[in-house]
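Asker:
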Amino acid sequence: MRILHVTHQYPPDYIGGVELYTQTVARAQAAAGQRVAVFTHDAGGALPTGASGDSSHWRDGDIEIYAVQSAPASANRRFLATFSHKPAASAFAHVLAHFQPDLVHIQHLMGLPTALVDELTARRIPFVVTLHDYWWGCANAQLLTNDSAQICRGPDALYFNCTRCAAARFGAPKPGLTAGLAMPLVSPLMARRAQLLRHLLARAAHLITPTNFVANWHRGQGMATARLSVLPLGVERPPLIPVRTRDAQTPLRFTYIGSLAWQKGLHVLLAAFTQVPGDASLWIAGDPNTDAAYAQSLQQMADARVHFLGKLDRQQVWHTLAQTDMVVAPSLCYESFSLLVHEAFVAGVPVLASRLGALAEVVHNGVDGMLAAPGDMEAWRTALQNVVDQPEQLAPLRAGIRAPLTVEAHVDKLMEIYAEVLGAKVARGQDKKAEYSADFYPKR
Numbered sequence: 009m010r011i012l013h014v015t016h017q018y019p020p021d022y023i024g025g026v027e028l029y030t031q032t033v034a035r036a037q038a039a040a041g042q043r044v045a046v047f048t049h050d051a052g053g054a055l056p057t058g059a060s061g062d063s064s065h066w067r068d069g070d071i072e073i074y075a076v077q078s079a080p081a082s083a084n085r086r087f088l089a090t091f092s093h094k095p096a097a098s099a100f101a102h103v104l105a106h107f108q109p110d111l112v113h114i115q116h117l118m119g120l121p122t123a124l125v126d127e128l129t130a131r132r133i134p135f136v137v138t139l140h141d142y143w144w145g146c147a148n149a150q151l152l153t154n155d156s157a158q159i160c161r162g163p164d165a166l167y168f169n170c171t172r173c174a175a176a177r178f179g180a181p182k183p184g185l186t187a188g189l190a191m192p193l194v195s196p197l198m199a200r201r202a203q204l205l206r207h208l209l210a211r212a213a214h215l216i217t218p219t220n221f222v223a224n225w226h227r228g229q230g231m232a233t234a235r236l237s238v239l240p241l242g243v244e245r246p247p248l249i250p251v252r253t254r255d256a257q258t259p260l261r262f263t264y265i266g267s268l269a270w271q272k273g274l275h276v277l278l279a280a281f282t283q284v285p286g287d288a289s290l291w292i293a294g295d296p297n298t299d300a301a302y303a304q305s306l307q308q309m310a311d312a313r314v315h316f317l318g319k320l321d322r323q324q325v326w327h328t329l330a331q332t333d334m335v336v337a338p339s340l341c342y343e344s345f346s347l348l349v350h351e352a353f354v355a356g357v358p359v360l361a362s363r364l365g366a367l368a369e370v371v372h373n374g375v376d377g378m379l380a381a382p383g384d385m386e387a388w389r390t391a392l393q394n395v396v397d398q399p400e401q402l403a404p405l406r407a408g409i410r411a412p413l414t415v416e417a418h419v420d421k422l423m424e425i426y427a428e429v430l431g432a433k434v435a436r437g438q439d440k441k442a443e444y445s446a447d448f449y450p451k452r
């Protein structure tokens, strides 16, 4: 099978969750004997061998990488690229002619035009879409407002809340007032964006989400989700992870690994932890340069029991988890999957997480972890103190952990979906639908 993945960014220049997932899946598919390629934006640095003009072509092992050079440089340009980006559309047409995929898997289209799908439709190439986050309904992708830093449920009927967010992004001192003035211009633009993306998803042969929460949110926005599968992402396994053993003299160790960004709720965690007496420590790992001011504020809040580890590589992540008693995920936003939680489960480590979004779906309170109210410092202080005072409760939580899906099992399920999509294409008009719907996160 010839598979083309489409994503807004790709390693090594970008190493976010979607980027790493795309690379991991593409490598696994190539290793299984598939012909695999990726269409993406180039980072704009030195071009690899074979690069020319507005696009470049190189290889990542057995994967062919096609990159359009003119990536939108700002958030505003990335937003506008959804409507039109002629260099990307032209480069994509050439890639389709050259690679001739049997199927296209769209991972993300931020900064890329919906016209890419017009090219697929014209060539009758089926495509599937993984909804990794909320970008398809929220230009911010995280359902967080730019003006008040609050969780948003999605666009309102007239897109006034989206207009207010746009005004705040432009730096308006009074976003609400500015939004009122900008409504005649911005609201139709937001409505057009929603129309384009909904039409795109309606043409997809299949949609995939990593959790039920993400699937239900898109359903609530009126997206075409009749052909949708909930398929958790596969989690890579290290060669060996020793489970941490404790005795009465060993300090309890809590760990956070991820972005040092306010929406991750680390200020709430620190405010709570510093009020918890007892023999415990808190390790925080993440790049302090992502938001230097926020990282500095966290260090100012910390006491001597808090240790900042900086940015970790993959080996260091597993080494840190092997020395951890409980992972903490105090997010203030709607996580769509949480790689941290799933890697903790691979390592046999229970999780204390916010009762919010997908976190409340993947962490089972009292079974493999605990849940606390998001943003509620007192609730987090109580939960942390409970673990410090009764560390013996961690053993049954470890025993209750269910191993996450492996990368290999995830790719096998993807290939099943692909095969059914291509089978429906061959059937030419019959009502055969690709539908994989195993419920990995049953409702409780």
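For any residue, its number in this note's numbering is found by taking its place in the sequence shown, counting from 1, and adding 8. Cβ coordinates follow ideal geometry from the N, Cα and C atoms, glycine included. Remember, it's a predicted structure, so these values are computed and weren't measured experimentally.
Would F262 and I292 be called neighbours here (beta carbons separated by less than 7 Å)?
Answerer: no
Asker: Determine the contact status of A36 and V419, defining contact as a CB-CB distance below 7 Å.
Answerer: yes
Asker: Taking the beta strand (DSSP E) that V44 belongs to, which residues open and close that run?
Answerer: R43 to H49
Asker: Tell me the residue span of the alpha helix (DSSP H) that contains V103.
Answerer: K94 to F107
Asker: Measure the beta-carbon distance from P412 to G273 and round it to whole angstroms, keeping in mind my assumption that it falls under 8 Å.
Answerer: The pair is not a contact, with the Cβ atoms about 23 Å apart (cut-off 8 Å).
Asker: Check whether the region 39-46 touches the region 134-148, counting contact only when three or more Cβ pairs, one atom from each stretch, lie closer than 8 Å.
Answerer: Below 8 Å, too few C-beta pairs join the region 39-46 and the region 134-148 to call them touching: fewer than three.
Asker: Alpha carbon to alpha carbon, how far is T219 from P338? Give it in angstroms, no decimals.
Answerer: When rounded, the distance between both Cα atoms is 19 Å.
Asker: Tell me the rounded alpha-carbon separation between A380 and Q393.
Answerer: 12 Å
Asker: Give a yes or no on whether the C-beta atoms belonging to A75 and A97 are separated by under 7 Å.
Answerer: no
Asker: Ordered along the chain, which non-local residues of its own chain (more than five positions away) have a Cβ less than 7 Å from that of A368?
Answerer: Answer for A368: L379, listed in chain order.
Asker: Expressed to the nearest angstrom, what Euclidean distance is found between the alpha-carbon atoms of S92 and P109?
Answerer: 23 Å
Asker: Whose C-alpha, out of S195, T138, H350 and L166, is nearest the C-alpha of V243?
Answerer: H350
Asker: Counting only the same chain and skipping the five closest in sequence on each side, list residues whose C-beta sits under 8 Å from that of A130.
Answerer: Nothing meets the Cβ criterion.
Asker: So W225 is in the alpha helix (DSSP H); what residue range does that whole segment cover?
Answerer: Annotation: the continuous alpha helix (DSSP H) that includes W225 extends over N220 to G228.
Asker: Tell me, which residues are paired with W291 by DSSP?
Answerer: T263 and H315
Asker: Mind the definition here: the region 384-399 touches the region 280-292 only if three or more C-beta pairs lie below 8 Å; say whether that holds.
Answerer: Verdict: yes, contact present.
Asker: What number of angstroms, rounded off, separates the C-alpha of P247 from the C-alpha of A361?
Answerer: 27 Å
Asker: So, helix, strand or coil for D68, using DSSP?
Answerer: strand
Asker: Locate the alpha helix (DSSP H) running through V395, then write down its first and last residues.
Answerer: M385 to D397
Asker: Flag this pair as touching only if the region 233-240 and the region 167-178 have three or more C-beta atom pairs under 8 Å; answer yes or no.
Answerer: no
Asker: Taking the beta strand (DSSP E) that A34 falls in, what are its first and last residues?
Answerer: Here A34 belongs to no beta strand (DSSP E); instead the alpha helix (DSSP H) covers G25 to A39.
Asker: Looking only at C-alpha atoms, which of K421, D295, Q271 and A301 sits nearest to C8?
Answerer: In the structure as shown, the chain begins at 9 and stops at 452. Residue 8 is therefore absent and cannot be evaluated.
Asker: Going by CA-CA distance only, name the one from L268, S195, K319 and C170 that's closest to Q304.
Answerer: Minimum Cα distance to Q304 is reached at L268.
Asker: So, for G408: in the same chain, excluding its five sequence neighbours on each side, which residues have a beta-carbon less than 6 Å away from its beta-carbon?
Answerer: V375 and D376
Asker: Using DSSP with H/G/I as helix, E/B as strand and the rest coil, what is N84?
Answerer: helix
Asker: Closer than 7 Å by C-beta to L28: which residues in its own chain qualify, once you throw out the five before and the five after it? Chain order, please.
Answerer: P19
Asker: With 16 as the cutoff for other CB atoms within 10 Å, does S346 come out buried or exposed?
Answerer: buried
Asker: Express the C-alpha separation of R211 and T332 in angstroms, rounding to a whole number.
Answerer: Our two residues, T332 and R211, have alpha carbons roughly 45 Å apart in a direct line.
Asker: Rounded to whole angstroms, how far is the Cβ of C173 from the Cβ of D155, which I believe are closer than 8 Å?
Answerer: 7 Å
Asker: Helix, strand or coil, according to DSSP, for Y426 in the structure here?
Answerer: DSSP places Y426 in helix when its eight states are reduced to three.
Asker: Only counting the same chain, and skipping five residues up and downstream in sequence, which positions put a Cβ closer than 6 Å to that of M9?
Answerer: Taken in chain order, the residues that qualify are Q42 and D110.
Asker: Under the three-state reduction of DSSP, which class applies to V325: helix, strand or coil?
Answerer: helix
Asker: Give me the Cα-Cα distance between L348 and L329, rounded to the nearest whole angstrom.
Answerer: 10 Å
Asker: Helix, strand or coil, according to DSSP, for A361 in the structure here?
Answerer: DSSP places A361 in strand when its eight states are reduced to three.
Asker: What's the gap between the Cα of Y342 and the Cα of D384?
Answerer: So the two alpha carbons sit approximately 16 Å from each other.
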